[in-house]
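Chains as they are written, first to last, in the working numbering: chain C, 1 to 684; chain U, 1001 to 1158.
Ideal Cβ placement from N, Cα and C applies to all residues, glycine included.
Worksheet: the structure to be examined is printed underneath.
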């Protein structure tokens, strides 16, 4: 096992005992590639996700420029279709999900008082499979092809020539039979289906890892109902992923089989059923909405109490409401497909289920308001984003409730009303929550403070831009503007609000620019954050900043919910929180202890194999796309050899790197957890 | 374990329950009383033989003896056949649609008609046009590169 630099190491390179050595470097390029440290993996997840946020954002701007004026030809129809398909695919699968995964990875062990996740190498493999899957899916920009349907014709203005126009263009929902071979010729939709399949593997792996970590690695005394709400939401999301991803995996396999091997699962001419795809897709797709928004709900539940200086109102209610949302989320999928023709009983059932899901969501909203009520609110940037989340999510939630009324839902189907609604939920909700988290944990990540003024500018610009962009979409939708349509016409009377929406999109883009400037400047030149900059409540803020590699020098023992707060504060006779008399000593001691572990701490060793597994799987994916071209089978073989070979290496690589004179086994009981977990992982 | 509820809490709980009851009532009313039904699967059809199968062998409008009209429309990439439906004002029109290729969406502007047209299935939807005028038909379900060109109209004559 790798050891940290404290106390001074006796590690000297010595001859390897097996053919596979574990990499020794923990710094530099190879340090990142081979790392199994959950914090580094979280950071890599975060930066990758943000890169895709920018890509998806550029596509959004292209879409909005195209729709700014009537009869526009800024993009060709093919380019427009590819832009809205990839915008949604990237934002959902390559930005919000991995950004949430970044927080899960980085925070989960810190919040439950552990030194790493249960299976550190599985954590790494999840990231690398995600990254290579994302690279693969995006590479359709370079290699993808698409063309007119078999026997079809090309309408005016439909040019396929550009690279953008040759990306996947069947919509992120990929409705069959349009996504099948006959109507989406070329390789673009293969890239889409196989790319999502690969990215799904990554999420599935990490969901199992998180569930095991939460159940097994909590610090002493941290009962389930003493876990921070964010940990609870991670737990719930992990189960959602575990149950919903296999559904889309099966559906994507069926599409891939239809496209590659001539099966007819969704092809009506061969007796298949196109509606089956819709059921499968939305049976995954609706829980997916909660996969996207629950992590942000968790983050907001951390931020609001800290900046209101009050405990979270109705902790248990918030936790169980989150679980209830996840459970009910599996029972509402058909409200996405009322126009497809479903029976009266099903309409009523799904309408009622949709209405019911508003109840746990409402419970959360009222508890967040109750948390702020009467609190000493400090309007720092994370708090602004958290309040923004609550207010915008209410709007998105309410327009969502209108979908439970069948006639209203039916009328709104495929109009811009829907686009407005889910952007309030996913942008006003999920993305605002993620930004609240990014600002809140910036000091933990870097040890520096961000620039408060730029942070607030970012918030107000984004808040304004968001409402300008997505508010008017409701009205456009009610006026009848259809989604996913390349042009609209002068006579439709949609000009004014479409112009406003486009302006709003650029305001959002400007706000993202402010965020990036703030991040880069503060990371380099920010003020030192010190210890516990927010006077926070939860365990992870007991650590010195930035967090040392080993997290906790001594694993903590937990006696209460909001453990850190209770160590710092006590109650006076009136039940008000007052600082303990020895507050300064407690804090100084925590910081000192955190930086100076008494004994050598073992951490999971780095490994080459997670990276190689991801690398190999990418070739398998390319192979599937080019199967019909003949050379695909060789790519698949190459990928399989790399991936399977890596699994062999994974299984036989030594548990620890031999370091002279210091046997890692004889260590204190504190470290057994991680060691055992790593051992179990190898056995498994 | 529950102590006496605060008055505001009681009010908010009451309003929530009331909201759910009203909502459930609205669903029941819309289905049972107002008779609002979503299109349901009426018939199956072989998508490869649409043009050889009645009634799609003769797409177009027929005025029935009872004064109602039936409009048989094929939705295909990327046009409506026929793309103009002409009916006198006050006529109850039953639209009968199918698709020989991909999913399409049949939406008539300024009406509640919005139905998915599914290959292999026949979609039926009914609408009465009381006032003369022109109503645009658009394809509401993304159907590929020519999706934006799928326009049609309902001409309601006085």
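- Of all residues in the segment 1065-1076 of chain U, none has a C-beta nearer than 9 Å to a C-beta of chain C.
- If you look at residue 352 of chain C, you'll find it isn't in any beta strand (DSSP E); it sits in the alpha helix (DSSP H) that goes 344-356.
- In this structure residue 176 of chain C touches residue 266 of chain C by the C-beta definition: roughly 3 Å separates them, less than 8 Å.
- Contact between the segment 418-427 of chain C and the segment 469-483 of chain C is present: 3 or more CB-CB pairs across the two stretches fall below 8 Å.
- For residue 414 of chain C, the neighbours in chain U by C-beta distance under 7 Å run, in chain order, 1105, 1140, 1141.
- When DSSP states are grouped into helix, strand and coil, residue 63 of chain C belongs to the helix group.
- In terms of beta-carbon proximity, residue 1080 of chain U stays away from the interface with chain C, with every pair separated by 8 Å or more.
- Against chain U, the CB of residue 639 of chain C has no partner CB under 8 Å away; the residue lies outside that interface.
- Runs of the alpha helix (DSSP H) lying entirely within the segment 166-216 of chain C, each at least 4 residues long, are 188-216 in chain order.
- The residues 174, 179, 252, 255, 256, 259, in chain order, have a CB closer than 8 Å to that of residue 193 of chain C in the same chain once the five nearest residues on each side in sequence are set aside.
- For residue 1088 of chain U, the enclosing beta strand (DSSP E) starts and ends at 1084-1088.
- The DSSP assignment places no complete beta strand (DSSP E) segment of no fewer than 3 residues inside the segment 40-87 of chain C.
- The DSSP-derived three-state label of residue 1028 of chain U is helix.
- Assignment of residue 1080 of chain U by DSSP, reduced to helix, strand and coil, places it in the strand class.
- Of all residues in the segment 181-194 of chain C, those with a C-beta nearer than 9 Å to a C-beta of chain U are 182, 183, 184, reading in chain order.
- Excluding residues up to 5 positions away in sequence, 221, 566 lie with their Cβ nearer than 8 Å to the Cβ of residue 559 of chain C in the same chain.
- The Cβ atoms of residue 1132 of chain U and residue 1157 of chain U sit closer than 8 Å to each other.
- Between residue 405 of chain C and chain U, the shortest Cβ-Cβ separation is below 8 Å.
- The alpha carbon of residue 582 of chain C has as its nearest neighbour, out of C:216, C:416, C:569, the alpha carbon of C:569.
- Sixteen is the threshold: since fewer than 16 other Cβ atoms of the shown chains lie within 10 Å of the Cβ of residue 528 of chain C, the residue is exposed.
- DSSP lists U:1063, U:1093 as the bridge partner or partners of residue 1069 of chain U.
- Membership of residue 1105 of chain U in the beta strand (DSSP E) is indicated by the continuous run 1104-1108.
- Between residue 1127 of chain U and residue 1108 of chain U, the C-beta gap is smaller than 8 Å, which places the two residues in contact.
- Taking 7 Å as the Cβ-Cβ cut-off, the segment 64-83 of chain C approaches chain U at 77, 78, 81, given in chain order.
- Chain-order list of chain C residues neighbouring residue 1102 of chain U: 177, 178, 183, by C-beta distance under 7 Å.
- By the neighbour-count criterion, in which a residue is buried when 16 or more other Cβ atoms sit within 10 angstroms of its Cβ, residue 347 of chain C is buried.
- Under the criterion of beta carbons closer than 8 Å, residue 185 of chain C and residue 133 of chain C do not qualify as touching, at roughly 24 Å.
- At least one beta carbon of chain U lies nearer than 8 Å to the beta carbon of residue 410 of chain C.
- Against chain C, the CB of residue 1005 of chain U has no partner CB under 8 Å away; the residue lies outside that interface.
- Per DSSP, reduced to three states, the secondary structure at residue 1118 of chain U is coil, with no helix or strand assignment.
- Residues of chain C with a Cβ closer than 9 Å to the Cβ of residue 1027 of chain U are, in chain order, 347, 348, 351, 352, 355, 404, 405, 406.
- Taking the Cα of residue 208 of chain C as reference, the smallest distance to any Cα among C:227, C:533, C:545, C:234 is reached at C:234.
- The secondary-structure analysis by DSSP pairs residue 1129 of chain U across a beta bridge with U:1091.
- In this structure, residue 76 of chain C sits near residue 165 of chain C, with a CB-CB distance shorter than 8 Å.
- Contact with chain U is absent for residue 162 of chain C, since none of that chain's Cβ atoms lies less than 8 Å from the residue's Cβ.
- Sequence-distant Cβ neighbours of residue 94 of chain C in its own chain, meaning closer than 6 Å and more than five residues away, are 52, 134.
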